[in-house]
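Numbering (the working numbering), first residue to last: 113 to 270. Taking it in order: structure first as C-alpha coordinates, then the write-up.
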(Lines of atoms letter the chains of each structure in order from A and count residues from 1; the text may use other names and numbers.)
(Lines give C-alpha, C1' and ligand atoms only; values in the text may rest on other atoms or scores of the structure.)
Protein backbone atom coordinates (compact mmCIF):
# COMPACT_ATOMS: atom_id res chain seq x y z
CA UNK A 1 0.00 0.00 0.00
CA UNK A 2 1.15 3.34 -0.90
CA UNK A 3 0.98 6.22 1.52
CA UNK A 4 -1.19 8.91 0.12
CA UNK A 5 -0.08 12.43 0.91
CA UNK A 6 -2.72 15.05 1.25
CA UNK A 7 -1.95 18.43 -0.25
CA UNK A 8 -2.08 21.02 2.54
CA UNK A 9 -0.26 24.03 3.86
CA UNK A 10 2.61 23.63 6.21
CA UNK A 11 2.61 25.50 9.50
CA UNK A 12 5.27 27.86 8.17
CA UNK A 13 3.17 28.72 5.11
CA UNK A 14 0.10 29.33 7.29
CA UNK A 15 2.10 31.62 9.61
CA UNK A 16 3.47 33.62 6.68
CA UNK A 17 -0.04 33.97 5.26
CA UNK A 18 -1.42 35.14 8.63
CA UNK A 19 1.44 37.60 9.01
CA UNK A 20 0.82 39.08 5.54
CA UNK A 21 -2.91 39.35 6.26
CA UNK A 22 -2.13 41.13 9.56
CA UNK A 23 0.11 43.63 7.76
CA UNK A 24 -2.55 44.29 5.13
CA UNK A 25 -5.31 44.71 7.73
CA UNK A 26 -3.23 47.03 9.95
CA UNK A 27 -2.20 49.15 6.94
CA UNK A 28 -5.81 49.42 5.81
CA UNK A 29 -6.94 50.40 9.31
CA UNK A 30 -4.20 53.05 9.57
CA UNK A 31 -5.10 54.53 6.18
CA UNK A 32 -8.79 54.56 7.12
CA UNK A 33 -7.99 56.28 10.43
CA UNK A 34 -5.81 58.95 8.74
CA UNK A 35 -8.45 59.60 6.08
CA UNK A 36 -11.14 59.89 8.76
CA UNK A 37 -9.07 62.50 10.63
CA UNK A 38 -8.44 64.45 7.43
CA UNK A 39 -12.14 64.42 6.52
CA UNK A 40 -13.02 65.59 10.01
CA UNK A 41 -10.50 68.46 9.74
CA UNK A 42 -11.79 69.37 6.26
CA UNK A 43 -15.35 69.35 7.56
CA UNK A 44 -14.41 71.67 10.43
CA UNK A 45 -12.60 74.07 8.07
CA UNK A 46 -15.49 73.99 5.61
CA UNK A 47 -17.94 74.76 8.43
CA UNK A 48 -15.90 77.80 9.51
CA UNK A 49 -15.71 79.16 5.97
CA UNK A 50 -19.42 78.60 5.36
CA UNK A 51 -20.26 80.24 8.69
CA UNK A 52 -18.21 83.31 7.75
CA UNK A 53 -19.77 83.49 4.27
CA UNK A 54 -23.25 83.27 5.76
CA UNK A 55 -22.47 86.02 8.28
CA UNK A 56 -20.86 88.24 5.67
CA UNK A 57 -23.72 87.98 3.17
CA UNK A 58 -26.32 88.47 5.92
CA UNK A 59 -24.75 91.59 7.41
CA UNK A 60 -24.12 93.09 3.95
CA UNK A 61 -27.78 92.55 3.06
CA UNK A 62 -28.95 94.01 6.36
CA UNK A 63 -26.72 97.08 5.96
CA UNK A 64 -27.93 97.56 2.40
CA UNK A 65 -31.60 97.45 3.47
CA UNK A 66 -31.12 99.68 6.53
CA UNK A 67 -31.82 103.38 6.43
CA UNK A 68 -30.35 104.22 9.85
CA UNK A 69 -28.16 102.68 12.52
CA UNK A 70 -27.02 103.37 16.05
CA UNK A 71 -25.19 101.65 18.90
CA UNK A 72 -27.23 100.65 21.94
CA UNK A 73 -25.55 98.92 24.91
CA UNK A 74 -22.67 97.64 22.79
CA UNK A 75 -25.03 96.32 20.09
CA UNK A 76 -25.32 97.55 16.54
CA UNK A 77 -28.97 98.33 15.74
CA UNK A 78 -30.04 98.68 12.10
CA UNK A 79 -33.40 100.31 11.37
CA UNK A 80 -35.28 99.50 8.19
CA UNK A 81 -37.94 101.54 6.39
CA UNK A 82 -40.64 99.08 7.38
CA UNK A 83 -39.88 99.99 11.03
CA UNK A 84 -38.25 96.64 11.75
CA UNK A 85 -34.93 96.53 13.58
CA UNK A 86 -32.02 94.14 13.45
CA UNK A 87 -29.53 93.95 16.31
CA UNK A 88 -26.03 92.55 16.10
CA UNK A 89 -24.30 91.57 19.34
CA UNK A 90 -20.67 90.49 19.18
CA UNK A 91 -19.07 88.13 21.71
CA UNK A 92 -15.64 86.51 21.68
CA UNK A 93 -16.95 83.15 20.37
CA UNK A 94 -19.97 84.12 18.29
CA UNK A 95 -22.01 86.90 16.70
CA UNK A 96 -25.74 87.08 17.38
CA UNK A 97 -28.25 88.61 14.96
CA UNK A 98 -31.67 89.35 16.37
CA UNK A 99 -34.54 90.43 14.16
CA UNK A 100 -38.24 90.68 14.89
CA UNK A 101 -38.75 87.17 13.50
CA UNK A 102 -35.81 85.11 14.74
CA UNK A 103 -32.39 85.01 16.36
CA UNK A 104 -29.38 83.76 14.41
CA UNK A 105 -26.03 82.83 15.89
CA UNK A 106 -22.86 82.77 13.79
CA UNK A 107 -20.16 80.64 15.43
CA UNK A 108 -17.19 82.74 14.41
CA UNK A 109 -14.40 83.52 16.91
CA UNK A 110 -14.00 87.31 17.17
CA UNK A 111 -10.60 88.69 18.07
CA UNK A 112 -11.50 92.37 18.17
CA UNK A 113 -14.38 94.60 17.13
CA UNK A 114 -15.04 98.28 17.01
CA UNK A 115 -18.53 99.62 16.59
CA UNK A 116 -19.07 102.52 14.26
CA UNK A 117 -16.08 104.74 14.05
CA UNK A 118 -15.63 107.73 11.79
CA UNK A 119 -13.09 107.93 9.00
CA UNK A 120 -13.37 110.62 6.33
CA UNK A 121 -16.95 111.45 7.47
CA UNK A 122 -18.04 107.84 6.86
CA UNK A 123 -19.11 105.34 9.51
CA UNK A 124 -17.51 101.91 9.58
CA UNK A 125 -17.96 98.74 11.59
CA UNK A 126 -14.63 96.96 11.99
CA UNK A 127 -14.52 93.31 13.08
CA UNK A 128 -11.38 91.20 13.31
CA UNK A 129 -12.30 87.51 12.98
CA UNK A 130 -10.28 84.37 13.53
CA UNK A 131 -10.97 82.14 10.52
CA UNK A 132 -8.91 78.93 10.12
CA UNK A 133 -6.23 80.27 12.45
CA UNK A 134 -5.79 83.47 10.43
CA UNK A 135 -6.97 86.92 11.43
CA UNK A 136 -9.42 88.40 8.96
CA UNK A 137 -10.12 92.09 9.34
CA UNK A 138 -13.48 93.15 7.94
CA UNK A 139 -14.82 96.67 7.48
CA UNK A 140 -18.48 97.38 6.84
CA UNK A 141 -19.48 100.76 5.44
CA UNK A 142 -22.59 101.91 7.33
CA UNK A 143 -23.54 105.24 5.79
CA UNK A 144 -25.78 105.57 2.76
CA UNK A 145 -25.78 108.51 0.45
CA UNK A 146 -28.81 110.78 0.27
CA UNK A 147 -29.95 109.55 -3.15
CA UNK A 148 -30.33 105.98 -1.86
CA UNK A 149 -32.29 107.14 1.17
CA UNK A 150 -34.67 109.32 -0.91
CA UNK A 151 -35.25 106.58 -3.50
CA UNK A 152 -35.89 103.94 -0.86
CA UNK A 153 -38.25 106.21 1.10
CA UNK A 154 -40.35 107.65 -1.69
CA UNK A 155 -40.05 105.20 -4.57
CA UNK A 156 -39.62 101.81 -2.78
CA UNK A 157 -36.33 101.16 -4.52
CA UNK A 158 -33.69 99.03 -2.83
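Don't be surprised by glycine CBs; every beta carbon is placed ideally from N, CA and C. Since the model is a prediction, treat every value here as computed from it, not as a measurement.
Pick from the options that is closest to residue i, judged by C-alpha positions
i, options, result
"residue 165", "220, 254 and 134", "220"
"residue 223", "241, 170, 169 and 216", "241"
"residue 161", "267, 246 and 120", "246"
"residue 250", "137, 169, 177 and 185", "169"
"residue 177", "136, 204, 195 and 129", "195"
"residue 167", "215, 117 and 124", "215"
Under 8 Å between C-beta atoms of residue i and residue j
i, j, result
"residue 207", "residue 190", "no"
"residue 183", "residue 236", "no"
"residue 238", "residue 225", "yes"
"residue 144", "residue 254", "no"
"residue 211", "residue 198", "yes"
One or two residues paired with residue i in a DSSP bridge
i, result
"residue 225", "239"
"residue 252", "237"
"residue 183", "188"
"residue 201", "187 and 208"
"residue 218", "207"
Cβ separation of residue i and residue j, assumed to be a contact under 8 Å, to the nearest whole Å
i, j, result
"residue 193", "residue 179", "5 Å"
"residue 171", "residue 252", "6 Å"
"residue 157", "residue 244", "6 Å"
Environment of residue i [buried if 16+ CB atoms lie within 10 Å]
i, result
"residue 132", "exposed"
"residue 218", "buried"
"residue 121", "exposed"
"residue 151", "exposed"
"residue 130", "exposed"
"residue 188", "buried"
Proximity test, residue i beta-carbon vs the ligand FAD heavy atom, cut-off 7 Å
i, result
"residue 150", "Summarising the ligand content, the structure contains no ligands, and the ligand FAD is consequently not present."
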